[in-house]
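Note that the protein sequences, when read in sequence, are chains A and B.
If you use this note's numbering, the first sequence corresponds to residues 171 to 270, in order.
If you use this note's numbering, the second sequence corresponds to residues 290 to 963, in order.
Glycine included, C-beta positions come from ideal geometry on N, C-alpha and C.
Here is the structure we will look at, set down as structure tokens.
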Amino acid sequence: MIPLSWYLLLSAVLFSLGIVGFLIKRNLITVFMSIELMLNGVNLSFVTFAHEWHLVKGQIFVFFVMVVAAAEAAVGLAIIIAVFRARSTLAVDRIDLMKL
Amino acid sequence: MTRSMTGNLHLWLIPLLPFAGFLFNGILGRRLPKSLVTTVALLAPLASFGVVLLAAQAASAGLALPYTETCPIGWINAGTLHVDYSFVLDQLSLVMLLIITGVGFLIHIYSAGYMAHEDGYWRYFSYLNLFLFFMTVLVLAGNALLMFVGWEGVGLASYLLIGFWFQKTSAVEAGKKAFVVNRIGDFGFLLGMFLLLANFGTLTFAEIAAKLAASPAWQGGILTTIALCLLLGATGKSAQLPLYIWLPDAMEGPTPVSALIHAATMVTAGVYMIARTHAIYDRSPFALGVVAIIGAATALFAATIGLVQTDIKRVLAYSTVSQLGYMFLGCGVAAYSAAIFHLMTHAFFKALLFLAAGSVIHGLGGEQDMRKMGGLRKHMPVTFWTMTAAVFAIAGFPPLAAFFSKDAILYAAFLHGDSGKVLWFVGLVTALLTSFYMFRLWYLTFLGSYRGATSDIEEPGAAVHARSDSKLTLEAEHHHTPHESPWSMLGPLVILALLSIGGGWIGIERFAAYLAPATGARIVEAGSSSLEWTLTGLAVAVAILGWFIAYRLYRVKPERPAQLAAALPTGYNILVHKYWVDEFYGAVVVKPVLAFSRFILDWVVDVAILGGLAWLLGGIATFAGAILQRWQSGNLRSYAAWLAAGAAALLLFVLVPWASVLANVGIHLNAAGH
């Protein structure tokens with residue numbers, strides 16, 4: 171049987187990869203995908219604990235996260251398309267109109 | 290006897306009907322046709338008058354007075370303080386209500402004619418209805434606080450109507466003056482109410498009177514203080530020394546307003562208030578003495594100023610102040626019923642005088658200077674005869690109204706101890722002056738020959754006027770020969786003239802006996818009928834003397850007054866400049882207050898302290914913002930980095946066992962924890 175810590179370690183690695191990608195990537199789509207990665211890292215630890223302690227709550231949480239993520243993806247992609255149309259670029263550091 | 294608001298008299302309708310009229314015309318009047326505005330504005334006081342008549346009928350049919358109606362929903366319930374919306378009908382409030390709604394209705398009719406060409410017609414009538422609402426609340430109020438609501442409300446209506454022609458600076462200034470001077474009086478009223486509450490625990494008049502009756506030995510002391518505070522309020526509202534200065538200026542308002550508010554009803558509120566709280570005044574001879582002295586002094590003082598005024602309305606204004614002084618004199622010698630009697634007859638003849646003066650002003654196209662009048666008798670016969678009735682009435686000729694009421698006050702003053710003789714003498718001199726200045730007005734206005742600028746009768750406007758009396762254009766009305774006013778104005782004049790003639794025939798004995806349950810019995814033990822006849826004879830003699838002097842000076846030898854003025858320049862100057870009271874107040878009160886406001890309150894407190902504080906706070910915020918705005922880079926990745934760093938810091942804070950870490954280096958967070 172695979173010990174609990176392996177799952178958690180994988181979850182942490184996925185989440186950290188998400189953070190790093192979120193901070194260092196320039197392309198907006200990649201940043202967006204990094205966020206999904208973080209969400210799924212968290213999802214993994216939810217299902218891990220749900221399986222470990224035989225509680226269904228964790229599974230339900232995962233479903234909620236997936237629903238929110240799907241909604242966010244729809245809105246987010248729409249925004250990204252709108253940004254690209256307006257500015258012809260997806261480089262994060264060039265989308266800085268809100269700068270003081 | 291207490292009933293709820295559903296009692297069978299429906300007293301609450303008396304104020305609320307004019308209030309409904311005010312709301313209707315105030316909100317919708319601008320868009321409605323003039324006829325509808327007039328209908329509503331006249332129906333409201335008429336219906337109110339009808340309710341008063343029903344109440345009077347019920348009272349004469351044996352209804353037990355005082356009759357109280359209390360709103361089932363209380364007003365103020367705070368600890369031991371209970372104040373209700375309670376209306377009390379007793380003999381005193383019934384007499385006042387009959388005057389207010391009756392004379393008020395007549396003046397509404399008159400206004401419909403007088404104000405017919407004004408732009409703010411609907412505004413005028415909504416204010417007038419509002420005034421009736423507050424005035425009836427004032428009179429019906431069963432406690433001092435509700436009376437105060439009416440008291441302030443009539444002040445508001447007065448302010449609005451004095452400043453009715455708000456394009457005129459002088460009218461606006463006069464309105465402000467009336468409002469501010471009345472505030473000084475209201476301050477006294479408020480203090481009196483606080484003292485009542487502190488010493489009686491209630492503001493209900495009936496309970497106060499009952500508590501006083503229960504402790505007959507309670508004299509003077511705090512009661513004197515309360516009475517003097519209330520008196521300050523009364524002097525403000527009733528234009529007595531030292532707060533009379535607003536009333537002559539209030540003549541800037543439309544003339545029917547002067548008749549209704551500044552002659553017949555509102556200015557008598559102070560007299561009414563003293564009569565209503567007479568139980569307190571009766572326990573304080575000192576306060577009563579002050580009332581009598583203020584009344585007598587004001588009567589004489591205002592009458593002397595009235596001698597030389599040339600504006601017809603100003604003469605009447607000073608006459609009003611003087612007559613109100615008589616009423617205060619009556620209150621001051623504890624002859625409350627005589628004061629209320631004079632209040633009633635004064636409401637008739639002074640309203641008539643003002644309305645007739647308004648008719649003259651209307652007929653002359655706005656001229657108010659008596660030096661440019663004269664000979665109006667043949668142009669305005671109805672106005673002339675009604676005015677004549679009023680002039681003879683106020684001068685005290687028998688058997689007209691003021692003869693009886695003024696006589697009752699003077700008689701009561703004469704019987705009021707030794708000092709009463711002095712008060713009586715002052716009253717008698719005032720009667721002489723009153724007779725003189727009223728006949729002066731009469732001669733200058735109606736007799737002799739017309740001294741107006743355009744005196745030729747054969748002007749085209751006169752022809753227009755003669756042809757069409759119903760559809761007068763504004764041009765035909767103004768700057769043309771004098772003409773008689775329409776019947777909507779003359780009708781009220783005639784009714785008021787009849788009242789001025791016959792209003793006193795009820796007699797002071799019967800009137801006092803009727804009012805006795807509300808104002809206490811009339812005290813004339815020391816008198817005798819021979820003394821009464823002597824005093825009456827003297828009063829009539831001075832009235833005739835005043836008439837005779839006016840006749841000699843203004844009819845037989847019209848050049849004499851100017852010669853007299855030239856012969857006595859000092860005395861004449863003092864009177865023409867009204868004793869420089871306005872200038873004196875200006876220098877002693879207004880200027881210092883303005884200087885204090887400008888230099889201390891404005892520059893030091895407002896600009897330096899408050900403004901400086903605001904600038905300091907704003908500066909701190911700006912400075913902090915200048916630093917913090919560096920974080921607002923607009924760069925998404927820098928935001929994300931800060932977010933991640935924050936999350937990491939939070940994680941560290943939660944996960945690391947800080948207490949034990951610190952304990953290891955020798956710091957104990959919780960003293961009891963080791």
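Which two residues bound the contiguous alpha helix (DSSP H) that contains residue 536 of chain B?
535-538
Under 8 Å, with one C-beta from each stretch per pair, do the region 638-654 of chain B and the region 387-400 of chain B reach the 3-pair mark?
yes
Using C-beta distances below 6 Å, list every residue in its chain close to residue 239 of chain A, excluding the 5 sequence neighbours before and after it, in chain order.
209
Assigned exposure category for residue 404 of chain B - 16 Cβ within 10 Å defines buried:
buried
Pick from B/926, B/811, B/443 and B/582: whose alpha carbon is nearest that of residue 426 of chain B?
B/443
For the region 320-333 of chain B and the region 368-384 of chain B, state whether three or more C-beta atom pairs, one from each stretch, are separated by less than 8 Å.
no
At a cut of 8 Å, does the region 563-575 of chain B reach the region 509-523 of chain B through at least three beta carbon pairs?
yes
Which residues, taken in chain order from the region 906-926 of chain B, show a beta carbon closer than 7 Å to some beta carbon of chain A?
918, 921, 922, 923, 924, 925 and 926
If you draw a straight line from the C-alpha of residue 634 of chain B to the C-alpha of residue 613 of chain B, how long is it?
12 Å
Relative to the C-alpha of residue 452 of chain B, which residue among B/588, B/337, B/541 and B/726 is closest?
B/541
Spatial distance of residue 194 of chain A from residue 926 of chain B (CA atoms)
8 Å
Per DSSP, what kind of secondary structure is residue 265 of chain A in: helix, strand or coil?
coil
Sub-8 Å separation of residue 923 of chain B and residue 198 of chain A beta-carbons:
no
Measuring straight from C-alpha to C-alpha, what distance separates residue 276 of chain A and residue 171 of chain A?
The structure shown does not extend to residue 276 of chain A, since chain A is modelled only from 171 through 270, so no value can be given for it.
Three-state secondary structure (DSSP) of residue 358 of chain B:
strand
Applying a beta-carbon distance threshold of less than 7 Å, which residues of chain B neighbour residue 192 of chain A?
929
Can you give me the Cβ contacts of residue 473 of chain B inside the same chain, cut-off strictly under 8 Å, excluding the 5 residues immediately before and after it?
521, 525 and 532
List in chain order: all unbroken alpha helix (DSSP H) runs of 4+ residues lying wholly within the region 415-457 of chain B.
433-451
Contact check, residue 545 of chain B vs residue 479 of chain B under 8 Å by CB: the rounded distance?
Incorrect: roughly 31 Å between the Cβ atoms, too far for contact.
Please give the ranges of any alpha helix (DSSP H) in the region 811-898 of chain B, keeping only runs that are unbroken, at least 4 residues long and fully inside the region.
818-840, 849-856, 858-865, 870-874 and 880-884
Give me the Cβ distance between residue 482 of chain B and residue 437 of chain B, rounded to the nearest whole Å; I'm assuming they're in contact under 8 Å.
7 Å
Would you list, in chain order, the members of the region 223-238 of chain A that have their beta-carbon closer than 8 Å to a beta-carbon of chain D?
The chain inventory of the structure shown lacks chain D, comprising the protein chains A and B.
I need the DSSP call for residue 352 of chain B, collapsed to helix, strand or coil.
coil
With a cut-off of 8 Å on the beta carbons, I'd call residue 461 of chain B and residue 455 of chain B a contact; round off their distance for me.
6 Å
Residue closest to residue 234 of chain A, alpha-carbon to alpha-carbon, out of A/177, A/264, A/258 and A/213:
A/213
Could you tell me the alpha carbon to alpha carbon distance between residue 963 of chain B and residue 937 of chain B, rounded to whole angstroms?
Residue placement at residue 963 of chain B is flagged as unreliable, the pLDDT there being 46, under the threshold of 50; the coordinate-derived value follows with that caveat. Residue 963 of chain B and residue 937 of chain B: Cα-Cα distance of roughly 30 Å.
Check for me: the alpha helix (DSSP H) holding residue 949 of chain B runs from which residue to which?
947-953
Where does the unbroken beta strand (DSSP E) through residue 378 of chain B begin, and where does it stop?
375-378
N- and C-terminal bounds of the beta strand (DSSP E) containing residue 972 of chain B
This structure gives no information on residue 972 of chain B, because the portion of chain B shown stretches from 290 to 963.
Candidates B/365, B/361 and B/398: which alpha carbon is nearest residue 783 of chain B's?
B/398
Comparing the C-beta of residue 938 of chain B with each C-beta of chain A, is any distance below 8 Å?
no
Identify whether residue 370 of chain B lies in helix, strand or coil by the three-state DSSP scheme.
strand
Using 10 angstroms around the beta-carbon of residue 562 of chain B, count the other beta-carbons present and answer buried if the total reaches 16, otherwise exposed.
buried
Span of the alpha helix (DSSP H) holding residue 208 of chain A?
198-223
Would you say residue 187 of chain A faces chain B, with C-beta separation under 8 Å as the test?
no
Any C-beta of chain A under 8 Å from that of residue 934 of chain B:
no
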